[in-house]
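All remarks here apply to the structure that follows.
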DNA sequence: CGTCAACATATTTTCGAAAATCCGTTGATC
DNA sequence: GATCAACGGATTTTCGAAAATATGTTGACG
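Chains as they are written, first to last, in our numbering: chain C, 44 to 287; chain L, 44 to 287.
Below, the structure is given as structure tokens:
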């Protein structure tokens, strides 16, 4: 008998793996905002046919990570200061509700998972030492899981899926900020405070800390977004001259 | 010169028209919850090939109207009392925020559009006289537009798109309720009150009325959902006997 | 010199068939 | 009679080519 027959998890369909990879690449800005997504290039990049790629792109379109224009194909969704602001404002409101519900209902299980998620997060570094221009993938995963753990007891699938979609959108901006060489802020302490307040069921304080957490990220990202935009504008002007 | 050259709107792609039709059919429960969506049947129903159908279904999957299981194809998303409850609870919170923002920012334009939307809604009957088992499609459109008009000034694309997605989900339950022969409640008065309070910028009252509006719908739909479930169970038992 | 039609190329969109997978049935084995 | 491998039809998933559409270029014309 094999030691662990497990469940022999069905291998994901190509479409599914395309979805995961595309989503990851977009969130990490390996596919840059507004970049055209030509099917032929993607075919080469991910090694599969047209159908699974287009299907995955359609799902991402509905998620708001990809934009589709009639007969002109797909692009990575645009970013803008305005969109960032909207996103963050909305995140604050949504997470406030989800947090409130979660703190009201969370039991021992929830507390344990939250502690565990924080511990794992605290052992990761934000930046990958080998590749200082990108977020550490492991940190990203643990960070996402920590914030999910905070609201995990809210007992609303709907709320949680909305929250995580907004969170993903925001992650893209953070990745941009890192790529612009903005030094990452050290927010282990922030996360710890947040967790403590949550575990103590200090609802108002948790909500305030969370609002602050999001606002700080917003400020930081907005600044490097503006800087990046300026740099890009200068680059474009130069290119324009060079080409003339 | 032709009187109105218009813009010669580009004809939608097949995929796009599949999306619209499928979404409409699912929301109106012409495709029933949990019904399997075999590609061959859809091909016949909508008169197109596999690709645009699958692509449209993928978008609907991301919207939560369709479920996809590995190598087992698509189904119309399940309904349940629990999901309905979750949906309505979440809707109340989301719409409260969007309404608050909208009432704070709405200008003359917003007021005018709201009045206009209400007027159009009030001239529609909820039930189609020719087909009393289904919601009147025109009423459905005006109703959706009225509720969209309420929050239209909130200045948050993110919030508005979340709201309208939840609204669509809820519409499916209302359609079910009508199909179960539940007499539609006459809510013109409710909508009028809601509009009045909104135009008067009575924030708390508007939020309360909206909460009530949603709660009433919930109560009504939940009741006929339970009745329908019982009826279905009886039918199933009978079928079971008949088949033995 | 600018405008625009006509063509050529690049790209997206759609189709129909092939490959992979699932599910119910049969029949062999114990 | 129970278990289970193997087969066959139904269905989903994927591919590659064809059709439709957009984009860029050329050259004719005013």
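No residue lacks a Cβ here, since even glycine has one placed at the ideal position from N, Cα and C.
Bear in mind that the values here come from a model prediction, so they are computed numbers and not experimental data.
Taking the alpha-carbon positions, what's the residue i to residue j distance?
| i | j | result |
| --- | --- | --- |
| residue 212 of chain C | residue 270 of chain C | 20 Å |
| residue 118 of chain C | residue 207 of chain C | 22 Å |
| residue 136 of chain C | residue 57 of chain C | 36 Å |
| residue 251 of chain L | residue 100 of chain C | 40 Å |
| residue 94 of chain C | residue 98 of chain L | 9 Å |
| residue 44 of chain L | residue 53 of chain L | Summary for residue 44 of chain L: the model assigns pLDDT 36, below 50, so the residue's position carries little reliability, and this model does not support an answer. |
| residue 232 of chain L | residue 256 of chain L | 11 Å |
| residue 148 of chain L | residue 130 of chain L | 27 Å |
| residue 258 of chain L | residue 205 of chain L | 19 Å |
| residue 64 of chain L | residue 151 of chain C | 46 Å |
| residue 192 of chain C | residue 141 of chain L | 26 Å |
| residue 288 of chain L | residue 120 of chain L | There is no way to answer for residue 288 of chain L, as the model of chain L reaches only from 44 to 287. |
| residue 264 of chain L | residue 217 of chain L | 6 Å |
| residue 128 of chain C | residue 202 of chain L | 12 Å |
| residue 174 of chain L | residue 183 of chain L | 14 Å |
| residue 273 of chain C | residue 88 of chain C | 31 Å |
| residue 59 of chain C | residue 114 of chain L | 11 Å |
| residue 74 of chain L | residue 68 of chain L | 6 Å |
| residue 186 of chain L | residue 254 of chain L | 16 Å |
| residue 280 of chain L | residue 107 of chain C | With a pLDDT of 48 at residue 280 of chain L, under the threshold of 50, the predicted position of this residue should be treated as unreliable, though the coordinate-derived value follows. If you take the alpha carbons of residue 280 of chain L and residue 107 of chain C, they lie about 44 Å apart. |
| residue 122 of chain L | residue 85 of chain L | 21 Å |
| residue 76 of chain C | residue 168 of chain L | 46 Å |
| residue 61 of chain L | residue 92 of chain L | 10 Å |
| residue 283 of chain L | residue 180 of chain L | In this prediction, residue 283 of chain L has a pLDDT of 38, which is less than 50 and means its spatial position is unreliable; what the coordinates show is noted afterwards. Approximately 36 Å, taken between the alpha carbons. |
| residue 239 of chain C | residue 230 of chain C | 14 Å |
| residue 226 of chain L | residue 138 of chain C | 38 Å |
| residue 48 of chain L | residue 90 of chain C | In this predicted model, residue 48 of chain L has a pLDDT of only 40, less than 50, meaning its place in the structure is not dependable enough to derive any value. |
| residue 80 of chain L | residue 112 of chain L | 12 Å |
| residue 126 of chain C | residue 247 of chain L | 28 Å |
| residue 219 of chain C | residue 172 of chain C | 18 Å |
| residue 78 of chain C | residue 70 of chain C | 13 Å |
| residue 124 of chain C | residue 116 of chain C | 25 Å |
| residue 297 of chain C | residue 197 of chain C | As displayed, chain C neither begins before 44 nor continues past 287, which places residue 297 of chain C out of reach and without an answer. |
| residue 245 of chain C | residue 245 of chain L | 31 Å |
| residue 66 of chain C | residue 66 of chain L | 24 Å |
Taking Cβ to Cβ, would you say residue i is nearer than 8 Å to residue j?
| i | j | result |
| --- | --- | --- |
| residue 223 of chain L | residue 159 of chain L | no |
| residue 105 of chain C | residue 166 of chain L | no |
| residue 199 of chain L | residue 144 of chain L | yes |
| residue 72 of chain L | residue 215 of chain L | yes |
| residue 156 of chain C | residue 195 of chain C | yes |
| residue 235 of chain L | residue 161 of chain L | yes |
| residue 82 of chain C | residue 96 of chain C | yes |
| residue 146 of chain C | residue 249 of chain C | yes |
| residue 178 of chain C | residue 170 of chain C | yes |
| residue 133 of chain C | residue 237 of chain C | no |
| residue 221 of chain C | residue 176 of chain C | yes |
Quick one: list the residues of chain C neighbouring residue i, beta-carbon separation under 9 Å, in chain order.
| i | result |
| --- | --- |
| residue 56 of chain L | 113, 114 |
| residue 205 of chain L | 133, 137, 205, 208, 209 |
Check the Cβ of residue i against every Cβ in chain L and list those closer than 8 Å, keeping chain order.
| i | result |
| --- | --- |
| residue 75 of chain C | Neighbours of residue 75 of chain C on chain L: none; closest Cβ ~21 Å, over 8 Å. |
| residue 200 of chain C | 126, 129 |
| residue 53 of chain C | 113, 114 |
Under 7 Å between beta-carbons, which chain L residues line up against residue i? List them in chain order, please.
| i | result |
| --- | --- |
| residue 257 of chain C | Near residue 257 of chain C there are no residues of chain L at all, since even the closest Cβ is about 14 Å away, more than 7 Å. |
| residue 140 of chain C | 136 |
In chain L, which residues lie with their C-beta within 9 Å of the C-beta of residue i?
| i | result |
| --- | --- |
| residue 123 of chain C | Ordered by position in chain L, no residue passes the 9 Å Cβ test against residue 123 of chain C, which lies about 11 Å from the chain. |
| residue 69 of chain C | Result: empty, since nearest Cβ-Cβ is about 14 Å, beyond 9 Å. |
Report the neighbours of residue i on chain C: residues whose CB is nearer than 7 Å to its CB, in chain order.
| i | result |
| --- | --- |
| residue 105 of chain L | 102, 105, 106 |
Given that residue i touches chain C, what residues does it touch there, using C-beta distances under 8 Å?
| i | result |
| --- | --- |
| residue 97 of chain L | 94, 98 |
Name the one or two DSSP bridge partners that residue i has.
| i | result |
| --- | --- |
| residue 166 of chain L | Its beta-bridge partners do not exist; DSSP assigns none. |
| residue 79 of chain L | L:118 |
| residue 74 of chain L | Answer is none; residue 74 of chain L lacks a bridge partner. |
| residue 296 of chain C | Residue 296 of chain C lies beyond the residue range present for chain C, which begins at 44 and ends at 287; the question has no answer from this structure. |
Which runs of the alpha helix (DSSP H) fall wholly inside the segment 196-281 of chain L and span at least 4 residues, in chain order? The alpha helix (DSSP H) runs lying completely inside the segment 196-281 of chain L and spanning 4 residues or more are 200-222, 231-242, given in chain order.
What ranges does the alpha helix (DSSP H) occupy inside the segment 82-130 of chain L, keeping only unbroken runs of at least 4 residues that lie completely in it? Qualifying alpha helix (DSSP H) stretches, in chain order: 82-89, 93-106.
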